[in-house]
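Protein chains in written order, with this note's numbering: chain B, 20 to 452; chain Z, 33 to 236. C-beta atoms are modelled at their ideal positions from N, C-alpha and C, and glycine is treated no differently. Okay, structure first, notes after.
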């Protein structure tokens, strides 16, 4: 009976009837802490609020441990279908929504290096050998990976496989990535080793050592920051010829998701391919639809705070802003022009107050700002900013907050979460690390 | 075309940079009639576009087409004083149940051809038609070796067939640029890039 009563009460939790936030056991008005990693479902907060948006036109890969390079368990990658959120855990422990720009894998047959689409090459060493479908799976419910044996190389020798492609725009730089896992020794011992990931930018080769282990999958990558003409190569395997003559011992590994990208800051989430290149659509902006006035306390104070984990380096800042042409209501936003965080409160097209700070990538950072009509302040982590110049406030309520944007050049890239909104800035600030 | 009027009638869907030129692609809004475009100055098409497109699932059945197609359709092109170019799609959505334009999403404007109306006058004349789109599968920029199986399936490890890159040997059953391929066993491929979660194998 009690269970039924609770269920009925929950069912009656109409937003219009929602009590003022400060009376609900100390819970903020909106306090969203994503935790259900790679379940592809949108969780809710203690009040039943859910993030909205974050939609996407097609499938995308969710990696529980985020787009990281080591310690990736077999069968841990999950395909989330169109419009499903991807909640991942960053290497620094933060759990949040994966936000990515669109991306394209320009390798065909990404899961089948034995396919004729791949050129196998060798000089001074034995050609790589393949055994398809015998290795552990990278994706949950996916196909078995392929075993590859690269011969030992030194000097100008090589034993690898590759594909070439042409960039869509001359000068775009290449990023090559793949997942590698060592073959466990017969006695169960951990097999570690090093092979190469090599990229060609039209003029110069660049190889990055790929240190693998049989204990888990490692995502290896090689990135060029420049590019000439359109000719690009991604080579995978032992390549002393192009790694500067560094010797490699024979490598017996399982491989998956060979991926060539162009004009990106680093490898994005895995996009499997077969006969054609495959495009992953961009994640749209997350947003909150808030009850009118829910962020307005009795003293007329508005505030918000949230945490993000940015993988950006430069040129691809995270932007928190109202997307599109929504100028009908006041809104709050936070974005990174260059290396600076900027908190803004808008009334239509008018910036009411602004703050600046810095997001250190790839660490998570608490960001927040508030405006009580007389005082304005923003902070990152534990550092409070000085109060900026005086502004005016409309006094109208905030009922929609967008996190991320589709503005060209400001696409979201990284993790977003947790999110806290409350009329009392200290309430949100105190619960964040 | 007056820019303010354009903003009233159409929505910017994408900008594409080709060399030094920025193309701004506009779709007429759902409430926009063909007569509105004519009234705004887009009296007739002045280019014909041939593009790889993705067709929405509901429209695949409705129009008996595949999920990926190569379509040819009339557009209105206007050069701007700043050197940019506006491309306005036809107002097909209003003319056909309010949904036809929503059926089609150009996969890659970089892979489109824009030809003078004199090259395809019959298509150019469809500017005001309820359905201005024409299938143009053989005009695709992409081909793929015929690795189909008799049962309709696709053999990813098919033995070499007579469709290979001009400057290289057999590269398997992968999509290639038509301009870089040769052979009697090349099939038209509607696009070179598919969306994650879809299969080009089912659209050949």
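- One thing to note: residue 62(B) has its Cβ no nearer than 8 angstroms to the Cβ of residue 114(B).
- For residue 99(Z), no CB of chain B lies under 8 angstroms from its own CB, so it is not counted at the interface with that chain.
- The beta carbon of residue 246(B) is closer than 6 angstroms to those of 190, 191, 192, 220, 221 in its chain, skipping five residues each way along the sequence.
- The criterion of a C-beta distance shorter than 8 angstroms is not satisfied by residue 259(B) and residue 198(B).
- Within the segment 83-103 of chain B, the residues whose Cβ lies closer than 9 angstroms to some Cβ of chain Z are 98, 100, 101, listed in chain order.
- Here residue 145(Z) carries a strand assignment [DSSP, helix/strand/coil].
- Residue pairing from DSSP places residue 278(B) in a beta bridge opposite 196(B).
- Pairing residue 97(Z) with residue 87(Z) gives a Cβ-Cβ distance under 8 angstroms.
- Residue environment analysis places residue 204(B) among the exposed positions, since fewer than 16 neighbouring C-beta atoms fall within 10 angstroms of its C-beta.
- Following the DSSP letters along the chain, one finds residue 92(Z) inside the alpha helix (DSSP H) bounded by residues 89-95.
- Take the alpha-carbon of residue 119(Z) and the one of residue 144(B): they are about 55 angstroms apart.
- Secondary-structure assignment with DSSP links residue 177(Z) through a beta bridge to 218(Z).
- Sequence-distant partners of residue 158(Z) (beyond 5 residues in either direction) whose C-beta falls short of 6 angstroms from its own C-beta, in its chain, are 106, 164.
- At a C-beta separation below 7 angstroms, residue 232(Z) has these neighbours in chain B: 294, 295.
- Counting C-beta pairs closer than 8 angstroms gives fewer than three between the segment 221-232 of chain B and the segment 140-156 of chain B, which falls short of the contact rule.
- Contact annotation for residue 226(Z) against chain B: 295, 296, 297, 298 [CB-CB distance below 8 angstroms, chain order].
- Contact between the segment 152-172 of chain B and the segment 269-284 of chain B is present: 3 or more CB-CB pairs across the two stretches fall below 8 angstroms.
- At a C-beta separation below 8 angstroms, residue 127(B) has these neighbours in chain Z: 204, 206, 207.
- For residue 118(B), no alpha helix (DSSP H) encloses it; the enclosing beta strand (DSSP E) starts and ends at 114-118.
- Residue 192(Z) is positioned such that its CB atom lies no closer than 8 angstroms to that of residue 213(Z).
- Listed in chain order, the non-local C-beta contacts of residue 132(B) below 7 angstroms within the same chain comprise 149, 165, 167, 180, 274, 277, local neighbours out to five positions each way being set aside.
- Burial check for residue 233(Z): the Cβ neighbour count within 10 Å reaches 16 or more, so the residue is buried.
- Burial of residue 154(B) is indicated by the presence of at least 16 other C-beta atoms within 10 angstroms of its C-beta.
- Counting the other Cβ atoms within 10 Å of the Cβ of residue 93(Z) gives fewer than 16, which makes it exposed.
- It is roughly 25 angstroms from the alpha-carbon of residue 102(B) to the alpha-carbon of residue 128(B).
- Judged by their CB atoms, residue 158(B) and residue 94(B) are nearer to each other than the 8 angstroms cut-off.
- Listed in chain order, the positions of the segment 129-141 of chain B with a beta carbon within less than 9 angstroms of a beta carbon of chain Z are 131, 133, 134, 135, 136, 137, 138.
- A Cβ-Cβ separation of about 25 angstroms leaves residue 49(Z) out of contact with residue 168(Z) under the 8 angstroms criterion.
- Contact of residue 78(B) with chain Z by beta-carbon distance below 9 angstroms involves 227, 228, 229, 230.
- For residue 230(B), the secondary structure class from DSSP, reduced to helix, strand or coil, is strand.
- Beyond the five residues adjoining it in sequence on each side, residue 223(Z) comes within less than 6 angstroms, by CB distance, of 84, 100, 139 in the same chain, given in chain order.
- Ranking 161(B), 89(B), 255(B) by CA distance to the CA of residue 279(B) puts 255(B) first.
- The shortest CA-to-CA distance from residue 66(Z) to any of 173(Z), 208(Z), 162(Z), 180(Z) is the one to 162(Z).
- Leaving aside the five residues that flank residue 90(B) on each side, the residues in its chain whose CB is nearer than 6 angstroms to its CB run, in chain order, 235.
- The alpha-carbon separation between residue 215(Z) and residue 195(Z) amounts to approximately 4 angstroms.
- From the beta-carbon of residue 290(B), the residues of chain Z found nearer than 9 angstroms are 228.
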